[in-house]
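What follows is a single structure, written as structure tokens, with notes after it.
Protein chains in written order, with this note's numbering: chain S, 3 to 106; chain E, 518 to 673.
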């Protein structure tokens with residue numbers, strides 16, 4: 003365990019976060035955008051767990067925070083998928099870029 | 518090289534390779550979600566390596582077993598929304614790539630340059646007794662979100 007330095011986890015989480023950010027910003031489809039958000043949340047969870055393990059582990063707040071991240075992730079994905087399906091039924095598009103009826 | 522470093526390399530490779538594949542693949546939502554599941558599996562391995570057993574189990578149950586499975590065995594509206602023609606990139610993908618690379622460099626450089634302390638030998642067991650109220654609030658929020666999602670997607 004102590005053979006792996008903390009910065010390995012932080013660097014990997016940074017790379018995962020940026021890959022998820024690229025997926026969320028560059029993809030045209032809402033489902034793949036949500037996948038990018040999942041990757042970003044995974045990176046956050048890795049960071050939380052790494053800082054918990056490499057600090058005083060009696061304080062459980064790192065793992066507790068990760069539990070909150072899971073519940074928020076599930077809620078956000080459920081609502082996001084439901085909205086995607088509803089938008090598809092209404093406009094036959096899965097791309098948020100096509101939703102410009104309010105554009106001036 | 519020690520066993521923990523080898524395991525970190527394996528799980529890290531799974532995580533990043535799965536994430537990159539899920540990001541660039543445009544062929545089929547099935548393969549994209551499979552790549553995402555592999556990435557989440559790698560993250561679960563990293564969490565187990567950190568001896569955070571509770572959240573490692575949650576990672577496998579929630580992300581690998583739940584969300585990636587949902588996207589793999591997609592219901593008909595999701596299948597229609599994720600046809601190969603619908604899975605392209607936007608016009609700003611080059612700018613986004615530059616921003617992502619720069620941000621990754623800044624974050625990783627900050628992590629590498631800092632002098633971090635060594636971890637304690639044995640982690641304490643997880644006791645969440647001080648977090649009952651926030652956890653109950655999170656459960657209520659999750660219930661409201663799921664009921665709302667069912668209401669949104671339900672046909673009138």
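By construction, the Cβ of each residue, glycine as well, lies at the ideal position given by its N, Cα and C atoms.
In this structure the stretch 28-45 of chain S does not touch the stretch 655-671 of chain E; the number of beta carbon pairs closer than 8 Å is below three. For residue 649 of chain E and residue 66 of chain S, the gap between their C-alpha atoms comes out near 10 Å. Between the stretch 22-30 of chain S and the stretch 610-617 of chain E there are three or more inter-stretch CB-CB distances shorter than 8 Å, so the stretches are counted as touching. Using beta-carbon distances, residue 79 of chain S counts as an interface residue toward chain E, with a partner under 9 Å. Here residue 88 of chain S carries a helix assignment [DSSP, helix/strand/coil]. In the three-state reduction of the DSSP assignment, residue 29 of chain S falls in the strand class.
Within 9 Å of the CB of residue 649 of chain E, no CB atom of chain S is found; the nearest one sits about 10 Å away. Excluding sequence positions up to five before and after residue 555 of chain E, its CB lies within less than 7 Å of the CB of 531 and 535, all in the same chain and listed in chain order. Contact between residue 71 of chain S and residue 563 of chain E is ruled out by a C-beta separation of about 15 Å, above the 8 Å threshold.
Each residue's CA atom was taken as its position, placing residue 542 of chain E and residue 586 of chain E some 18 Å apart. Boundaries of the alpha helix (DSSP H) around residue 622 of chain E: 610-630. Setting aside the 5 residues that flank it on each side, residue 56 of chain S is surrounded in the same chain by 8, each with a C-beta closer than 6 Å to its C-beta; the list follows chain order. For residue 555 of chain E, the closest Cβ of chain S is not nearer than 9 Å.
Residue nearest to residue 521 of chain E within the set E:566, E:578, E:552 and E:537 is E:566 (criterion: CA-CA distance). About 5 Å separates the CB atoms of residue 577 of chain E and residue 561 of chain E; that is less than 8 Å, so the two are in contact. Annotation: residue 542 of chain E is outside any alpha helix (DSSP H) and is labelled neither H nor E by DSSP. Contacts between residue 644 of chain E and chain S, judged by CB atoms closer than 8 Å, involve 62 in chain order.
Within chain S, the residues whose beta carbon sits less than 9 Å from that of residue 540 of chain E are 21, 22, 24, 25, 28, 29, 34, 37, 38 and 41, listed in sequence order. Around the beta carbon of residue 626 of chain E, fewer than 16 other beta carbons sit within 10 angstroms, so the residue counts as exposed. Put simply, the backbone Cα of residue 77 of chain S is about 11 Å away from that of residue 84 of chain S. Exclusion of the five residues before and after residue 539 of chain E leaves 549, 550, 552, 553 and 556 as the residues of its chain whose Cβ lies within less than 8 Å of its Cβ. Not flagged as an interface residue toward chain S: residue 582 of chain E, since no C-beta distance is shorter than 9 Å. From the beta-carbon of residue 620 of chain E, the residues of chain S found nearer than 9 Å are 16, 19, 20 and 23.
For residue 46 of chain S, the closest alpha carbon among the candidates S:94, S:23, S:34 and S:31 is that of S:23. Residue 44 of chain S and residue 91 of chain S have their C-alpha atoms roughly 30 Å apart.
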